[in-house]
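Taking it in order: structure first as structure tokens, then the write-up.
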Amino acid sequence: MCLIIFSYDVHPDFKLALAANRDEFYDRPTAPIDVWKDQPDILAGRDLLGGGTWLGVSRNGRFAAITNYRDPASVRPDPPTRGRLVSDFLEGKEPPSRYLERLDAIGHRYNGFNLVIGNAETLFYYSNRGNGIQELPSGVYGLSNHLLDTP
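Under the numbering used here, the first residue of the sequence shown carries the number 24, and numbering increases by one thereafter.
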């Protein structure tokens, strides 16, 4: 199970503090965190099959992280790779809210996911199994393979 714990806009010196692990699909080939040679503004690990990532930052202050949402009853047979959602946001320039509005229209095409994205000004959460786009207020959060802050 992947786990992301983060505080947002709580500490006076750190807008975002985060701890995360990635422990699913060990047999899926990945590259460790590094600056991407084909996208030198991105610092992230890389999914070597799908080309995306599960967590990353960009030089222009963008941040994104994703976890799978466990729902074995609704697994799609050939969905798009969820890791591209993270890398697409990191590569882009549109505001996080606009990116998520676009994603909300096509989110049903993917297997379940939780996505946290933001920039220096705002942080958002979206799940294609949840209650739409949420701008996150200051706080401490936990995210795993269900909705944000599920006990």
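We treat Cβ as the ideally placed atom computed from N, Cα and C, and that holds for glycine.
Check: Extent of the continuous alpha helix (DSSP H) run through Pro119; Outcome: 119–129
Check: Neighbour-count burial assignment, Tyr149, 16 or more Cβ in a 10 Å radius; Outcome: buried
Check: As assigned by DSSP and simplified to three states, the class of Arg132; Outcome: helix
Check: Residue(s) in a DSSP beta bridge with Asn31; Outcome: At residue 31 the sequence reads Tyr, which differs from the Asn that was named. In DSSP, Tyr31 forms a bridge with Leu39, Gly162.
Check: In DSSP terms, what Val93 is bridged to; Outcome: Note that residue 93 corresponds to Arg in the displayed sequence, not to Val. According to DSSP, which records beta bridges pairwise, Arg93 is partnered with nothing at all.
Check: Opening and closing residue of the alpha helix (DSSP H) in which Asp101 lies; Outcome: Taken as a continuous stretch (DSSP letters only), Asp101 belongs to no alpha helix (DSSP H), as it is neither H nor E.
Check: Residue closest to Ala88, alpha-carbon to alpha-carbon, out of Gln62, Glu144, Gly130, Ala42; Outcome: Ala42
Check: Those residues which DSSP pairs with Leu78 across a bridge; Outcome: Ala88
Check: Below-8 Å beta-carbon distance, Gly79 vs any chain C residue; Outcome: Among the chains in the structure shown there is no chain C, since it carries only a single protein chain.
Check: At least 3 beta-carbon pairs within less than 8 Å: the stretch 155–165 vs the stretch 32–41; Outcome: yes
Check: Identity of the residues DSSP links to Thr53 by a beta bridge; Outcome: Asp70
Check: Cβ-based neighbour list, Leu113, same chain, cut-off 6 Å, excluding 5 preceding and 5 following; Outcome: Ile65, Gly79, Ser81, Arg85, Ala87
Check: Assigned secondary structure, Ser167 (DSSP; H/G/I helix, E/B strand, else coil); Outcome: coil
Check: Inter-residue Cα distance where the pair is Leu171 and Gly106; Outcome: 18 Å
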